[in-house]
Amino acid sequence: MKYVKLGSTGIDVSRICLGALSFGTPGKGVHNWTLDLDQARPLMLHALESGVNFVDTANVYSAGSSEQIVGQILGEYGHRDEIVLATKVHGRTRPGPNGVGLSRKAIMTEIDNSLRRLGTDYVDVYQIHRWDPATPIEVTMEALHDVVKAGKALHIGASSMWAWEFSKAQYVADANGWTRFSTMQNHYNLIYREEEREMLPLCEDQGIGVIPWSPLARGRLARQWDSVSARSETDEFGKMLYCDSDREIVDRLAQLSEKREVPMAQLALAWMLSKSTVTSPIVGASKMSHLQDAIDALDVVLDEEEISYLEELYQPHNVAGHPITSLPGQH
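Every number in the working numbering is 1 more than the matching position in the sequence shown, counting from 1.
Right, here's the structure in full:
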């Protein structure tokens, strides 16, 4: 396993982060294809035993059961101080007007709920899952700062949002002496590269750890374009992220896969790992082969000609992965 610093935190994390969206009690939440505890255990243990020390989940994944599964397996594995554990807050987790968002009340309630499910007294990175236009960013940043000062999180992170929003949050933190965001978990992969315009250069300039979600485009970059899976057939959110023009890039990836005799998933991850701004892509796994592809991708190197071959057909996309309604003046 290879390791790299997580932004400016000083923490060493594996070059692959294990994402736990695929772990959860089937039928809880919006996903029916998730792996229960007994199915998730061998995957997660293999990741940990292979040197993956970075695990990411969220309070909304499978209605909290993802955190429960991650927490139980980590408890069985032990070595908590060696694991960099991240979770997220924002989405609806309970009924009622305060069961969603980034108010102080929501954050203070949800950090305790997450810690209880995870079976730990702190997380290494506590992330806002999205921007909350209904709550002043000052309220959110002060609450997150207090979570850190209470010892319930070591660092805080953000996820998909506009670069101006991220800059504003950092400015507010600096102006008040509060904790800054240390990480950005954004939507980035070979067929969605809009983050290269502003967010990635901003993160590089500010020393922010970049931990992209969906580095394999929800499986699009791991198989032929017309192939389907249980997830792709039921993933309504995923259906909104990509477009028909992406097929040409996936076809090129398949051609390069055949030429080099390397799985498509490994090549797509190798492309991402070639980007200096990327710290540790978050890779989900529902099969052992998915996890092994991610680990093996660390040894795959693309030359400049291969990178250009994969990139040159890219067409600009509409912003996907965070609400466009958070633009100034739109609520």
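Glycine included, each C-beta is placed from N, C-alpha and C at the ideal position. As the structure is a prediction and not an experimental result, all values here were calculated from the model.
Nearest neighbour of residue i, chosen from the options [CA to CA]
i: residue 190; options: 242, 227, 164, 144; result: 242
i: residue 385; options: 131, 95, 99; result: The structure shown does not extend to residue 385, since the chain is modelled only from 2 to 332, so the question has no answer here.
i: residue 210; options: 279, 66, 298, 308; result: 279
i: residue 36; options: 45, 46, 23; result: 23
i: residue 52; options: 292, 213, 199, 28; result: 292
i: residue 286; options: 45, 257, 167, 2; result: 45
i: residue 106; options: 310, 170, 140; result: 140
i: residue 67; options: 81, 49, 40; result: 40
i: residue 26; options: 55, 17, 64; result: 64
i: residue 15; options: 38, 85, 142, 70; result: 85
i: residue 305; options: 75, 272, 92; result: 272
i: residue 321; options: 310, 124, 187; result: 187
i: residue 355; options: 160, 154, 123, 101; result: Here the chain covers residues 2 to 332 and nothing more, so residue 355 does not appear.
i: residue 116; options: 38, 18, 59, 42; result: 59
i: residue 73; options: 307, 42, 56; result: 42
i: residue 283; options: 111, 114, 48, 138; result: 48
i: residue 203; options: 76, 277, 55, 111; result: 277
i: residue 70; options: 258, 29, 91, 103; result: 29
Residue i - containing beta strand (DSSP E), residue span
i: residue 189; result: Taken as a continuous stretch (DSSP letters only), residue 189 belongs to no beta strand (DSSP E), as it is neither H nor E.
i: residue 128; result: 124-129
i: residue 283; result: 283-285
i: residue 4; result: 4-6
i: residue 86; result: 85-90
Element boundaries [alpha helix (DSSP H), containing residue i]
i: residue 21; result: First-last for residue 21: undefined, no H or E at that position.
i: residue 115; result: 105-119
i: residue 66; result: 66-78
i: residue 148; result: 138-150
i: residue 173; result: 164-177
i: residue 195; result: Here residue 195 belongs to no alpha helix (DSSP H), and DSSP marks it neither H nor E.
Rounded separation between residue i and residue j - CA only
i: residue 296; j: residue 98; result: 42 Å
i: residue 175; j: residue 182; result: 10 Å
i: residue 185; j: residue 83; result: 22 Å
i: residue 20; j: residue 10; result: 20 Å
i: residue 275; j: residue 147; result: 36 Å
i: residue 302; j: residue 264; result: 13 Å
i: residue 244; j: residue 8; result: 32 Å
i: residue 247; j: residue 315; result: 7 Å
i: residue 299; j: residue 96; result: 43 Å
i: residue 224; j: residue 150; result: 45 Å
i: residue 251; j: residue 313; result: 12 Å
i: residue 79; j: residue 3; result: 21 Å
i: residue 61; j: residue 254; result: 33 Å
i: residue 12; j: residue 6; result: 6 Å
i: residue 200; j: residue 168; result: 10 Å
i: residue 319; j: residue 81; result: 40 Å
i: residue 160; j: residue 128; result: 7 Å
i: residue 88; j: residue 121; result: 12 Å
i: residue 138; j: residue 261; result: 48 Å
i: residue 18; j: residue 123; result: 18 Å
i: residue 207; j: residue 31; result: 35 Å
i: residue 108; j: residue 289; result: 35 Å
i: residue 110; j: residue 38; result: 25 Å
Sheet register partners of residue i (DSSP bridge)
i: residue 214; result: 188
i: residue 157; result: 127, 182
i: residue 13; result: 6
Worksheet entry | Any beta strand (DSSP E) of 3 or more consecutive residues that is wholly inside the segment 18-56 | 18-20
Fill in: Segments assigned alpha helix (DSSP H), at least 4 residues, entirely inside the segment 254-309
Runs of the alpha helix (DSSP H) inside the segment 254-309: 265-274, 289-297.
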